[in-house]
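A short worksheet on the structure shown next.
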Amino acid sequence: MNENLKLPAELESSPLSGEDMVPLPHEDRTWSMWNMTAIWVGMAVCIPTYLLASNMILSGLSWQASLIIIAIANLVITIPMVLSGHAGVKYGIPFPVFGRAGFGIYGVHIASLVRGIIACGWFGIQTWIGGLAFYSIWNIISGQSGSLELDLGKFICFGLFWCINIYFIWKGTESIKWLENYSAPILILIGLILIGWGYNNAGSFSAVLDQGAQLQKTTASLQVSESNSSEYLLNLNVVADLDGNAKASEVSVKIPTTSGYDDLGWQPITSISSKISIPFSKSYASGGEPVLVQFKNADGVYSSTISVFAEDSASNSQPTIWTYLIWFTAMVGFWATMAISIADITRLSKNQTDQIKGQFLGLPTTMTFYSFVAIFVTCAAIISFKDVMIVEDTPWDPVSLVAQFEHPRIVIFAQIALIIATLSTNIAANIIAPANAIANVIPQKLNFRTGGIIAGVVGIITCPWWLADDIGAILVFVSGLLGPVLGVLLCDYYLIRKKTLALYELYKPEGKYSYGGSGFNKAAMFALAAGVLTALIGFWIPSLSYLYSLSWFTGFGVAFILYYYLMRDHQTGTETEEILT
4 MNENLKLPAE LESSPLSGED MVPLPHEDRT WSMWNMTAIW VGMAVCIPTY LLASNMILSG
64 LSWQASLIII AIANLVITIP MVLSGHAGVK YGIPFPVFGR AGFGIYGVHI ASLVRGIIAC
124 GWFGIQTWIG GLAFYSIWNI ISGQSGSLEL DLGKFICFGL FWCINIYFIW KGTESIKWLE
184 NYSAPILILI GLILIGWGYN NAGSFSAVLD QGAQLQKTTA SLQVSESNSS EYLLNLNVVA
244 DLDGNAKASE VSVKIPTTSG YDDLGWQPIT SISSKISIPF SKSYASGGEP VLVQFKNADG
304 VYSSTISVFA EDSASNSQPT IWTYLIWFTA MVGFWATMAI SIADITRLSK NQTDQIKGQF
364 LGLPTTMTFY SFVAIFVTCA AIISFKDVMI VEDTPWDPVS LVAQFEHPRI VIFAQIALII
424 ATLSTNIAAN IIAPANAIAN VIPQKLNFRT GGIIAGVVGI ITCPWWLADD IGAILVFVSG
484 LLGPVLGVLL CDYYLIRKKT LALYELYKPE GKYSYGGSGF NKAAMFALAA GVLTALIGFW
544 IPSLSYLYSL SWFTGFGVAF ILYYYLMRDH QTGTETEEIL T
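With my numbering applied, the sequence shown covers 4 to 584.
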């Protein structure tokens with residue numbers, strides 16, 4: 004390991020050098036194994052983690068399969084995370100500088116800014132979620148009911164939480180370390196409290212987890228009667244209580260006709276699964292209009308109204324192997340951005356042992372633990388709240404869960420917990436990388452602070468109040484963009500350069516990493532483009548959808564192999580690591 008990482012005086016004034024781009028001396032590195040673990044606890048405990056776990060069950064997977072996929076996927080992504088973090092520790096450089104070796108001094112802007120823009124989008128989403136928590140607290144204090152639509156109050160709270168994020172950005176990386184160190188134990192404690200709440204309501208762990216089977220059932224579907232082709236059967240599945248009794252007592256069915264909807268009135272429900280014969284109508288049989296179904300319980304509480312389409316019912320089936328693979332890819336893609344830019348954080352680590360142990364202790368364990376919390380609490384919710392009569396009304400996310408509680412103090416405590424979780428994730432996962440990527444564009448004039456503020460503004464421009472609708476789909480698409488970047492990065496560092504960089508050359512405009520003066524490594528650009536195209540082509544061409552389903556792996560593999568093929572004649576294994584004096 005280099006003992007002195009100070010650049011020569013002539014390179015300190017290089018246009019590729021800047022206060023946050025130069026190698027960080029070992030004496031300035033203060034992050035231990037615990038700090039690396041804590042930052043992963045802070046990043047992994049977030050609402051998207053909760054949503055992914057619960058949505059996997061909603062898509063038809065069992066809770067056991069969901070948890071196994073989450074655990075394996077996060078172990079898998081930790082491996083390239085650690086490999087990518089090696090250069091950060093060895094040379095004390097952030098990703099935008101590390102990436103100059105493979106992509107070129109200007110080509111790295113493509114990789115770092117794509118990663119940065121994606122992170123800005125996530126920053127906006129997380130900031131919007133944190134703003135909603137402030138909005139909920141304000142409504143409780145003021146006695147208002149709040150609005151389900153976009154209103155001025157939500158935007159004001161969004162702005163408040165944005166300012167809190169900017170404060171930590173302005174204070175720098177030591178304030179981020181402070182935030183993560185204090186947040187980590189609090190977030191773990193909150194997870195244990197949530198598990199305790201679920202256990203207390205059900206009486207046992209098995210009683211809670213047994214409810215996972217209910218979450219996999221389709222509430223209502225249409226089926227042609229076997230005895231009469233002009234008659235349809237409406238298959239109904241309602242949520243049962245701990246004793247196995249249906250929580251709903253009656254069901255209302257409205258059938259579309261050419262003159263409007265025909266109301267069949269309220270009919271009694273005697274079991275959790277039942278069939279109702281309904282009159283034939285071309286309006287719903289053709290799939291054009293839905294049958295409307297609503298439930299109520301003995302206390303007169305109504306469920307939400309669900310729309311049942313004949314075509315959806317016909318296609319209803321058990322999860323296929325592709326369902327599992329798509330979710331596996333989404334889980335890998337969840338932290339694909341961090342795998343690329345993790346050197347931004349590992350450069351703060353004291354040694355390789357701390358960064359390796361810290362990441363393996365922090366990432367897969369926390370993701371698995373908090374995903375279990377999400378699954379456990381979601382299962383507990385369906386038997387804990389009387390108004391949850393159907394799967395669709397289950398509180399699948401923490402915000403919806405908190406809304407179910409009536410005691411103001413509990414709600415305020417829960418919202419504060421959400422704010423802490425969102426803030427710790429947002430700062431570490433969604434600001435450090437884009438701040439450095441932006442600072443690297445003009446490193447002599449921009450630094451981490453100004454880059455972070457610009458990234459925060461971009462997060463607003465992405466309109467997160469619309470962007471947050473489909474996290475799973477976003478992750479699969481993003482995986483296709485980021486897998487190839489990591490493929491080039493790791494192939495270049497480990498196979499082409501054998502973990503040895505000519506450090507001074509990274510800061511020379513006309514050095515070896517300028518690739519003939521263009522600043523672009525054509526091999527990297529070609530491999531990156533081929534990887535992205537291969538990964539995403541299935542998004543537009545259905546026959547190649549299997550490539551898209553595995554977008555991260557597809558893009559990573561193609562870019563890695565192609566880059567090695569194009570650069571194999573350039574590998575020396577003896578690239579001179581300059582003696583630093």
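Note that beta-carbon positions come from the ideal geometry of N, C-alpha and C, so glycine has one too.
Among residues of its own chain, excluding the 5 on either side of L351, which ones have a beta-carbon nearer than 6 angstroms to its beta-carbon?
The residue labelled residue 351 in the question sits at position 348 within the sequence shown. R32, W34.
On the premise that A440 lies in contact with P83, defined as a C-beta separation below 8 angstroms, what is that separation, rounded to the nearest angstrom?
The count along the sequence shown starts at 1 and reaches residue 83 at position 80. The count along the sequence shown starts at 1 and reaches residue 440 at position 437. Contact flag wrong, Cβ pair sits at about 19 angstroms.
I191 versus H89 - alpha carbon distance:
Taking the sequence shown and counting its residues from 1, the one referred to as residue 191 is at position 188. Taking the sequence shown and counting its residues from 1, the one referred to as residue 89 is at position 86. Approximately 28 angstroms between the Cα atoms of the pair.
For E13, which beta-bridge partners are listed by DSSP?
The residue given as residue 13 occupies position 10 in the sequence shown. For E13, which the question treats as bridged, DSSP gives no partner whatsoever.
Classify G291 as buried or exposed, calling it buried when 16 or more other Cβ atoms lie within 10 Å of its own Cβ.
Start at 1 with the first residue of the sequence shown, and residue 291 comes out as number 288. Its Cβ having fewer than 16 others within 10 Å, G291 is exposed.
Which of the three DSSP states is assigned to F298 in this structure?
Taking the first residue of the sequence shown as position 1, residue 298 is located at position 295. F298 falls in the strand class under three-state DSSP.
Opposing strand residues paired with W269 [DSSP bridges]:
Numbered from 1 along the sequence shown, position 266 holds the residue referred to as residue 269. Beta-bridge pairing links W269 to S255.
Q362, enclosing beta strand (DSSP E) - first and last residue:
Translated into positions along the sequence shown, residue 362 becomes position 359. From DSSP, Q362 is part of no beta strand (DSSP E) but of the alpha helix (DSSP H) over 355-387.
When you compare the stretch 425-440 with the stretch 55-63, are there three or more beta-carbon pairs, one atom per stretch, that lie closer than 8 angstroms?
no
Can you give me the Cβ contacts of Y516 inside the same chain, cut-off strictly under 7 angstroms, excluding the 5 residues immediately before and after it?
As a first step, residue 516 must be located in the sequence shown, where it is residue number 513. Excluding residues within five positions, the ones whose Cβ falls inside 7 angstroms are R103, A104, G107, I108, E508, L509.
Is the beta carbon of L182 closer than 8 angstroms to that of I419?
Translated into the one-based positions of the sequence shown, residue 419 becomes position 416. Translated into the one-based positions of the sequence shown, residue 182 becomes position 179. Not in contact: I419 and L182 (Cβ atoms no closer than 8 angstroms).
Can you tell me which of G194, S310, H29, G520 puts its alpha carbon nearest to the alpha carbon of I423?
By one-based count along the sequence shown, residue 423 stands at place 420. Among G194, S310, H29, G520, the Cα nearest to that of I423 belongs to G194.
Outcome for F337 when other beta-carbon atoms lying within 10 angstroms are tallied against a minimum of 16
Within the sequence shown, residue 337 is the residue found at index 334, counting from 1. Per the 10 Å Cβ criterion, buried.
Hey, how far is the Cα of I585 from the Cα of V48?
The structure shown does not extend to residue 585, since the chain spans only 4 to 584, so no value can be given for it.
Given a threshold of 16 other Cβ atoms within 10 Å of its Cβ, counted over all protein chains shown, does I324 qualify as buried or as exposed?
Residue mapping note: residue 324 aligns to position 321 of the sequence shown, counting from 1. The residue is exposed, with fewer than 16 neighbouring Cβ atoms inside 10 Å.
Is A251 near F298, with beta carbons less than 8 angstroms apart?
Taking the sequence shown and counting its residues from 1, one reaches residue 251 at position 248. Taking the sequence shown and counting its residues from 1, one reaches residue 298 at position 295. Yes, Cβ-Cβ distance for A251 and F298 is below 8 angstroms.
On the DSSP bridge assignment, give the partners of T260 in chain order.
Position 257 of the sequence shown, counted from the first residue, corresponds to residue 260. For T260, which the question treats as bridged, DSSP gives the partners G263.
Tell me whether A317 is buried or exposed, calling it buried when 16 or more other Cβ atoms sit within 10 Å of its Cβ.
The residue you call residue 317 lines up with position 314 of the sequence shown. The predicted position of A317 is uncertain, since its pLDDT is 47 and thus under 50; a value taken from the coordinates is nonetheless stated next. So A317 counts as exposed.
Residue of G361, A216, F137, S310 minimising C-alpha distance to I3:
Beyond the ends of the chain as shown, which are 4 and 584, falls residue 3; an answer cannot be given.
Across which residues does DSSP place A223 in a beta bridge pair?
Here the question's residue 223 lines up with position 220 in the sequence shown. L239, per the DSSP bridge assignment.
DSSP three-state label for W34, please.
As a first step, residue 34 is located in the sequence shown; it is residue number 31 there, counting from the start. Reduced to three states, the DSSP call for W34 is strand.
Pairwise C-alpha distance: K389 and H410:
Taking the first residue of the sequence shown as position 1, residue 410 is located at position 407. Taking the first residue of the sequence shown as position 1, residue 389 is located at position 386. The straight-line gap from Cα to Cα measures roughly 16 angstroms.
What is the DSSP secondary structure of I445, reduced to helix, strand or coil?
As a first step, residue 445 is located in the sequence shown; it is residue number 442 there, counting from the start. Here I445 sits in coil by DSSP.
Would you kindly report the start and end of the unbroken alpha helix (DSSP H) that includes S427?
For the purposes of this step, residue 427 is taken as the residue at position 424 of the sequence shown. Its alpha helix (DSSP H) spans residues 411-433.
One or two residues paired with Y305 in a DSSP bridge:
The residue given as residue 305 occupies position 302 in the sequence shown. Partner(s): K299.
Out of A210, W543, K257, I72, which one is the CA nearest neighbour of G268?
For the purposes of this step, residue 268 is taken as residue 265 along the sequence shown, with counting starting at 1. The candidate whose alpha carbon is nearest that of G268 is K257.
Just checking my contact of I393 with N204 at CB under 8 angstroms: how many whole Å lie between their CB atoms?
The residue given as residue 393 occupies position 390 in the sequence shown. The residue given as residue 204 occupies position 201 in the sequence shown. About 19 angstroms separates the two Cβ atoms, so there is no contact after all.
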